[in-house]
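Asks: Number 47 in the working numbering belongs to position 47 of the sequence shown; there are no gaps in the numbering.
Glycine included, every Cβ here is placed at the ideal spot set by N, Cα and C.
Predicted, not measured: the structure shown is a model, and the values here were computed from it.
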Amino acid sequence: MLEMPLVVKQYRCTHSVTCVCLKGHISEDALFFVFRHMNWNPRMIALISCTCKWFDEIARRVLWKEFCHARAPKMMQDLHSDGSHIVDGNWKALGRLLIHCSGCTRGGLFGNVHVPGHFVLKTRFSRTSGKSFLPPHCRTDVLYVSDPCEHVDEDEEVDLGFFRGIFKSFAASKFKKVLIEKKAEIHPREAL
Numbered sequence: 001m002l003e004m005p006l007v008v009k010q011y012r013c014t015h016s017v018t019c020v021c022l023k024g025h026i027s028e029d030a031l032f033f034v035f036r037h038m039n040w041n042p043r044m045i046a047l048i049s050c051t052c053k054w055f056d057e058i059a060r061r062v063l064w065k066e067f068c069h070a071r072a073p074k075m076m077q078d079l080h081s082d083g084s085h086i087v088d089g090n091w092k093a094l095g096r097l098l099i100h101c102s103g104c105t106r107g108g109l110f111g112n113v114h115v116p117g118h119f120v121l122k123t124r125f126s127r128t129s130g131k132s133f134l135p136p137h138c139r140t141d142v143l144y145v146s147d148p149c150e151h152v153d154e155d156e157e158v159d160l161g162f163f164r165g166i167f168k169s170f171a172a173s174k175f176k177k178v179l180i181e182k183k184a185e186i187h188p189r190e191a192l
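(1) Tell me which residue opens and which closes the alpha helix (DSSP H) that residue 67 is part of.
(2) Per DSSP, what are the beta-bridge partners of residue 115 in this structure?
(3) Let me check understanding here. Comparing Cα to Cα, which of 120, 75, 54 lies closest to residue 43?
(4) Nearest by alpha-carbon distance to residue 173: which of 80, 47, 90, 141 is it?
(5) Taking 8 angstroms as the limit between beta carbons, can you name the residues of its chain near residue 2, skipping five residues before and five after?
(6) Cβ atoms of residue 39 and residue 70: under 8 angstroms apart, would you say?
(7) Within the chosen definition, does the region 160-179 reach the region 130-149 through at least 3 CB pairs nearer than 8 angstroms?
(8) Does residue 65 pass the burial test, meaning 16 or more other C-beta atoms within 10 Å, or should it be called exposed?
(9) Assuming contact is defined by CB atoms lying nearer than 8 angstroms, are residue 78 and residue 176 in contact in what I supplied?
(10) Between the C-alpha atoms of residue 7 and residue 45, what's the straight-line distance to the nearest angstrom?
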């Protein structure tokens, strides 16, 4: 498995009035073509977004969006169908969902198991597999789920499979209503 270390964000430029790099940036169009040539390399997008706020803004607004469309075009088209803008503004988060397994920490859902987060080489998301994760009365909801990211627990030699997923129109989903009825913890913006 290819290891891609997490990039620590350290801005070298805050784009003050006297900022030197404001005078030396290439155009957005040129940056777009460079990253398209690199096939929207997520590591390079992460690295360039750490150089200054201007690059970070371009990465969030343009580069991560293009990365998502290049890696999961059918899913992106479906998520945006019916005039939905579910992902707008969250391209970086969706890009991370496509390429990063967050693992789990000790004492969490799996007791004493600790699996560190890591980047995955390939990701496939399936709408059909997502239906199997939903209760029968919620199967009209659309949930895209990744192929499992399998891990072996070294202490017990148990195979653990982690899935990542995204709902289409979670706010209007039957599953959200079930979570609210069961008093599950939901992000405050989604609880309404």
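Replies: To lay it out plainly:
(1) Against the sequence shown, residue 67 aligns to sequence position 67. Counting along the chain, the alpha helix (DSSP H) containing residue 67 begins and ends at 64-71.
(2) Taking the sequence shown and counting its residues from 1, one reaches residue 115 at position 115. BP columns for residue 115 point to 104.
(3) As a working note, residue 43 is residue 43 in the sequence shown. Among 120, 75, 54, the Cα nearest to that of residue 43 belongs to 120.
(4) Counting from 1 along the sequence shown, the entry for residue 173 is found at position 173. It is 141.
(5) By 1-based counting over the sequence shown, the position of residue 2 is 2. At residue 2 the pLDDT is 48, less than 50, meaning the model places this residue with poor confidence and gives no usable figure here.
(6) Your numbering for residue 70 matches position 70 in the sequence shown. Your numbering for residue 39 matches position 39 in the sequence shown. Contact: yes.
(7) The region 160-179 is in contact with the region 130-149.
(8) Translated into the one-based positions of the sequence shown, residue 65 becomes position 65. Buried is the call here.
(9) As a first step, residue 78 must be located in the sequence shown, where it is residue number 78. As a first step, residue 176 must be located in the sequence shown, where it is residue number 176. Cβ atoms of residue 78 and residue 176: not closer than 8 angstroms.
(10) Taking the first residue of the sequence shown as position 1, residue 7 is located at position 7. Taking the first residue of the sequence shown as position 1, residue 45 is located at position 45. Low local confidence applies: a pLDDT of 48 at residue 7 is under 50, so the model's placement there is unreliable, with the coordinate-based value given in what follows. For residue 7 and residue 45, the distance between alpha carbons rounds to 11 angstroms.
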